[in-house]
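The number in the working numbering is simply the position in the sequence shown, starting from 1, with 528 added. Even for Gly, the Cβ is constructed at its ideal location relative to N, Cα and C. Right, one structure below, let's go through it.
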Amino acid sequence: MATVEKMPMLQMGYDKLNAQLRELKAERPLIVDAIEEARAHGDLSENAEYHAAKERQGQVEATINDLEDKLSRAQIIDPTTLSGNKIVFGATVTLLDEDDKPVKYQIVGQAEADAKAGMISYNSPLGRALIGREVGDEVEVSVPSGDKFYLVDKIAFI
């Protein structure tokens, strides 16, 4: 029997996925109504409304299945309960780039990653390069725009 891989995530990410799931489940009856209304228009072979509604139904059901899978495998981690001097999942890290400009990232799960908001996945190139590092360590990471160099300045568990 295959083992089910847990998905680490913060409570915020879990709540966000749960909210998306509730929205999609609430949309189900509306889609069924749209299908019934389109079906009432007659010939289904040339009924664009019917085909669009059926396609949306398929997308919604696939997304619901995906979200339910992620939520069932969720391993919620509270960064405030963590400590130590190494970068781990949930840590908030302040890095100095090549120009000594500080950048701040929190290491999060794939489902909640948003680089613009300062949340990077532990599976991202930078996330993988940071895990296990300590304050004062230099980090080199290859990204599509080229190699980047960072110095780990601070590690916080907030």
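CB of residue i within 9 Å of CB of residue j, strictly
i	j	result
Ala641	Ser652	yes
Ile563	Ala576	no
Leu691	Val671	As displayed, the chain neither begins before 529 nor continues past 686, which places residue 691 out of reach and without an answer.
Thr620	Ala684	yes
Ile615	Pro536	no
Cα-Cα separation, residue i to residue j
i	j	result
Met529	Leu599	Per-residue confidence for Met529 stands at a pLDDT of 49, beneath the threshold of 50, marking its modelled position as unreliable; the derived number appears in the next sentence. Cα-Cα distance, rounded: 21 Å.
Ser573	Thr591	26 Å
Glu596	Leu549	8 Å
Asp681	Val588	43 Å
Tyr578	Asn593	23 Å
Ile635	Asp571	53 Å
Phe617	Tyr650	7 Å
Ala566	Val560	10 Å
Glu662	Asn613	6 Å
Leu552	Val532	25 Å
Ser673	Leu679	19 Å
Glu555	Lys534	28 Å
Glu626	Arg584	47 Å
Gln539	Lys632	20 Å
Pro630	Gly541	25 Å
Gly664	Gly637	25 Å
Asp656	His569	Strictly speaking, residue 656 in this sequence is Arg, with Asp absent from that position. If I take the Cα positions, the gap works out to 54 Å.
Buried versus exposed call for residue i [16 or more other C-beta atoms within 10 Å across all chains shown]
i	result
Ala639	buried
Val677	Note that residue 677 corresponds to Phe in the displayed sequence, not to Val. By the 10 Å Cβ count, Phe677 comes out exposed.
Ile648	buried
Leu545	buried
Ala602	buried
Asp675	exposed
Gly660	exposed
Leu623	buried
Pro557	exposed
Pro607	buried
Counterpart residues of residue i in DSSP-defined beta bridges
i	result
Tyr678	Val667
Asp693	The chain is shown only over 529 to 686; residue 693 falls outside these bounds and no answer can be derived.
Ile559	Paired residue(s): none; Ile559 is not in a bridge.
Ala684	Thr620
Margin query: Which complete beta strand (DSSP E) runs does the segment 531 to 557 hold, if anything under 3 residues is left out?
Written below: 535 to 537
Notebook entry, point to check: If you scan the segment 573 to 634 from start to end, which runs of the beta strand (DSSP E) of 3 or more residues do you find wholly inside it?
Noted result: 602 to 604, 620 to 624
Margin query: At 4 residues or longer, what runs of the alpha helix (DSSP H) sit wholly inside the segment 632 to 659?
Written below: 653 to 658
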